[in-house]
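Step one of this worksheet: look at the structure below.
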Ligand SMILES: [Zn+2]
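Numbering (this note's numbering), first residue to last: 503 to 969.
Pasting the structure below:
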């Protein structure tokens, strides 16, 4: 008991020091986050998992509200785990967010999120016009039950074991739902790209483009077969720890399984190999971001691209440079001949073409009131104007690639696919691509990733913080 009290004193001292260190910043307020489990042992696995859940829930709620630049400190002693988080907003606002987490999270009644201002003043629920916390056994005011000792040890233990079971069951259920949503979003992104018609050299609803071995139905069948694998990637991302060894090896295993499935439904035709690689990595990154406590200043897309970039760091060196004598894959052949790293390099660099070209083009298109189909097409044209597409290089060489880029730029300069003049130029591009029998598959893959990240951004509050 004495150790417990010492732990609590230590907690207060550390909180005071943490708050003091922020003297000069304004506005700033602080959360002291603990979990509220009766009993002497505050360092059980359940207590730890609950604490992480609470801290992560706070992080995601702040992130979704666009509140960045938060700083955290975690301490552990006999009183349990405590997290201190400095948040650059007014304490009243922070308290509202904290109360909403305590109220709406499926096990929020076991969270304690106390808010303090820069002068170390405590913001109670009453300060925000709310009634006191309720006891989790009888729903009367919690303070009252503690004061009169209303519930005995066994009653509390029994309730706790029930809550523990409930917590782990709900946690699994939420992770499962999350990965299903991610799998659906990935599938929808592939479908949105496919539906755009007409497209230059690519399979669409009317034509097989430059792919005589493929058609619309085959692409749909292939995409459907991959949906569960994107969920599987997301689940792997959830399971990967910050210091997991060789995350790439485990990601590749899922990737190979997905490829096998794809080849089995397409009778050996490579419909989506590039998408499995890039979208597989990004869907895994969503799972990782969902579960790892990363307080970050970047937006969602950038966060995910950074995570992927860390995972695949060194992959070009490892897979392309070392195999220079073997030209067995498209990427390898193009690398040997031109030095472009293709999809590997793009992932390694954190998808610069998505962050700098794809997403801004999407936002511009939406702003200028283009229909969704034209907006998606407009992103494709912007990508084709920038990307050193290894699919084009492999089939037709550098001159053709440069011509494709230049024709795409002409569309943009003449007002884009939403204008009559831009559309005329677009037809010119389609004709050229058909004549040369090339396919801008690399740009199409990046388009799918852009659509995926854009949808994720739009639905992020639903996907990441629904309890
Ligand atoms: Zn009670």
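Even for Gly, the Cβ is constructed at its ideal location relative to N, Cα and C.
DSSP three-state assignment for residue i, whether helix, strand or coil
i: residue 532; result: strand
i: residue 694; result: helix
i: residue 624; result: strand
i: residue 845; result: helix
i: residue 617; result: strand
i: residue 508; result: helix
i: residue 573; result: strand
i: residue 636; result: strand
i: residue 942; result: coil
i: residue 643; result: strand
i: residue 707; result: coil
i: residue 745; result: coil
i: residue 527; result: coil
i: residue 768; result: coil
i: residue 724; result: helix
i: residue 947; result: helix
i: residue 653; result: coil
i: residue 792; result: helix
i: residue 837; result: helix
i: residue 714; result: coil
i: residue 631; result: coil
i: residue 519; result: helix
i: residue 961; result: coil
i: residue 812; result: helix
i: residue 797; result: coil
i: residue 852; result: coil
i: residue 952; result: helix
Cβ-Cβ separation, residue j to residue i (assumed contact under 8 Å), whole Å
i: residue 603; j: residue 559; result: 5 Å
i: residue 845; j: residue 739; result: The pair is not a contact, with the Cβ atoms about 19 Å apart (cut-off 8 Å).
i: residue 882; j: residue 949; result: 5 Å
i: residue 785; j: residue 688; result: 5 Å
i: residue 617; j: residue 523; result: With a Cβ gap of about 17 Å, residue 617 and residue 523 do not count as contacting.
i: residue 842; j: residue 890; result: 5 Å
i: residue 638; j: residue 671; result: Residue 638 to residue 671, Cβ: 17 Å. No contact.
i: residue 917; j: residue 880; result: No, residue 917 and residue 880 are not in contact; Cβ-Cβ is about 11 Å, not under 8 Å.
Buried or exposed (CB count within 10 angstroms, at least 16 for buried), residue i
i: residue 529; result: exposed
i: residue 655; result: exposed
i: residue 649; result: exposed
i: residue 893; result: buried
i: residue 815; result: exposed
i: residue 555; result: buried
i: residue 764; result: buried
Is the number of C-beta pairs between the region 933–945 and the region 719–732 that are closer than 8 Å three or more? no
Could you tell me whether the region 882–896 touches the region 908–917, where touching means 3 or more Cβ pairs closer than 8 Å? yes
Entirely within the region 536–612 and at least 4 residues each: give me those alpha helix (DSSP H) ranges in chain order. 547–566, 593–606
For the region 627–642 and the region 575–591, state whether three or more C-beta atom pairs, one from each stretch, are separated by less than 8 Å. no
Unbroken stretches of the beta strand (DSSP E), 3 residues or longer, contained in the region 897–945: none
If contact is defined by three or more beta carbon pairs under 8 Å, each pair taking one atom from either stretch, is the region 705–721 in contact with the region 740–758? no
Are three or more beta carbon pairs between the region 845–854 and the region 790–798 nearer than 8 Å? no
Determine contact between the region 711–726 and the region 689–701, defined as no fewer than three beta-carbon pairs at a distance below 8 Å. yes
Check whether the region 892–909 touches the region 832–844, counting contact only when three or more Cβ pairs, one atom from each stretch, lie closer than 8 Å. yes
For the region 742–751 and the region 800–809, state whether three or more C-beta atom pairs, one from each stretch, are separated by less than 8 Å. no
Any chance the region 539–551 sits against the region 580–587, with 3 or more Cβ pairs inside 8 Å? yes
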